[in-house]
Amino acid sequence: ETGVTQSPTHLIKTRGQQVTLRCSSQSGHNTVSWYQQALGQGPQFIFQYYREEENGRGNFPPRFSGLQFPNYSSELNVNALELDDSALYLCASSFRSGATLATDTQYFGPGTRLTVL
Amino acid sequence: AQKVTQAQTEISVVEKEDVTLDCVYETRDTTYYLFWYKQPPSGELVFLIRRNSFDEQNEISGRYSWNFQKSTSSFNFTITASQVVDSAVYFCALSDVNQAGTALIFGKGTTLSVSS
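Chains as they are written, first to last, in the numbering used here: chain B, 1 to 117; chain S, 118 to 233.
What follows is the structure, given as structure tokens:
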């Protein structure tokens, strides 16, 4: 069974630039969630994708956007980077069966460390 | 509002000591789930346990045990006979199930340092 993978591992950008982070979900999973973890804090929910559509969003501005592909992999895009966007970005995958909103366990990838200068 | 509080920021113990990590939550939901995750220095969050709000039985898995008490809105985690490999940041999390999806709400974490 393949776990959640993320790329790249580390990334350095400058203010105002745009960045794309990638995530491959665990085998058999169809839902992907993204979290931002600032240094010394717990992860904060950005959004979730299910059936290639955004399916719930946390308190993040529209410059944070995403995609989910037919193979359930996902991208997180951040436009107009700000210094406060420096963080560890975690992707988690889970399996959701139909319309049930049961809370399936989310399994996390190793994260992408983004530094904005 | 949904909230998770982990009041212990850092805990230091010596190997073989028992240690309990506290977690207190707030939720308006009648059905909810609670989780514990471990984050070693590598950064990846490792799933430890999921518990739903209807199951208040305590659970034991090897050296790990969990005490869920709805009356006090607590879901505490105990490591028995701690080992150096237990050193990590531990997060308690609460499900936030809305009509659109499911988010996890995390506490700020407790850093556990186990010395030999």
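Every residue, glycine too, gets a C-beta built ideally from N, C-alpha and C.
For clarity, every value in this text was computed on a predicted model and none was experimentally measured.
Cut-off 6 angstroms between Cβ atoms - residues of its own chain near residue i, not counting five sequence neighbours on either side
{"i": "residue 117/B", "result": "14"}
{"i": "residue 17/B", "result": "81"}
{"i": "residue 233/S", "result": "132 and 201"}
{"i": "residue 52/B", "result": "68"}
{"i": "residue 20/B", "result": "75 and 77"}
DSSP three-state assignment for residue i, whether helix, strand or coil
{"i": "residue 83/B", "result": "helix"}
{"i": "residue 203/S", "result": "helix"}
{"i": "residue 187/S", "result": "helix"}
{"i": "residue 197/S", "result": "coil"}
{"i": "residue 86/S", "result": "In the structure displayed, chain S extends from 118 to 233; residue 86/S sits before or after that span and is not available."}
{"i": "residue 139/S", "result": "coil"}
{"i": "residue 37/B", "result": "strand"}
{"i": "residue 52/B", "result": "coil"}
{"i": "residue 169/S", "result": "strand"}
{"i": "residue 17/B", "result": "coil"}
{"i": "residue 10/B", "result": "strand"}
Interface residues of chain C facing residue i [CB-CB closer than 8 angstroms]
{"i": "residue 185/S", "result": "Absent here is chain C; the protein component of the structure consists of chains B and S."}
Check whether residue i and residue j have beta carbons under 7 angstroms apart
{"i": "residue 156/S", "j": "residue 205/S", "result": "yes"}
{"i": "residue 212/S", "j": "residue 219/S", "result": "yes"}
{"i": "residue 208/S", "j": "residue 179/S", "result": "no"}
{"i": "residue 65/B", "j": "residue 77/B", "result": "yes"}
{"i": "residue 110/B", "j": "residue 37/B", "result": "no"}
{"i": "residue 196/S", "j": "residue 141/S", "result": "no"}
{"i": "residue 171/S", "j": "residue 210/S", "result": "no"}
{"i": "residue 89/B", "j": "residue 164/S", "result": "no"}
{"i": "residue 134/S", "j": "residue 199/S", "result": "yes"}
Chain-order list of residues whose beta-carbon lies under 7 angstroms from that of residue i (same chain, five-residue window excluded)
{"i": "residue 105/B", "result": "94"}
{"i": "residue 144/S", "result": "119 and 211"}
{"i": "residue 40/B", "result": "none"}
{"i": "residue 223/S", "result": "121, 208 and 210"}
Best match in the options for proximity to residue i [C-alpha to C-alpha]
{"i": "residue 169/S", "options": "192/S, 177/S, 159/S and 154/S", "result": "192/S"}
{"i": "residue 72/B", "options": "35/B, 59/B and 54/B", "result": "54/B"}
{"i": "residue 114/B", "options": "33/B, 107/B, 27/B and 83/B", "result": "83/B"}
{"i": "residue 56/B", "options": "42/B, 43/B, 40/B and 32/B", "result": "32/B"}
{"i": "residue 70/B", "options": "19/B, 43/B and 28/B", "result": "28/B"}
{"i": "residue 167/S", "options": "150/S, 159/S and 182/S", "result": "150/S"}
Contacting residues, own chain, Cβ-Cβ under 8 angstroms from residue i (five flanking each side not counted)
{"i": "residue 147/S", "result": "170"}
{"i": "residue 11/B", "result": "19, 21, 112, 113, 114 and 115"}
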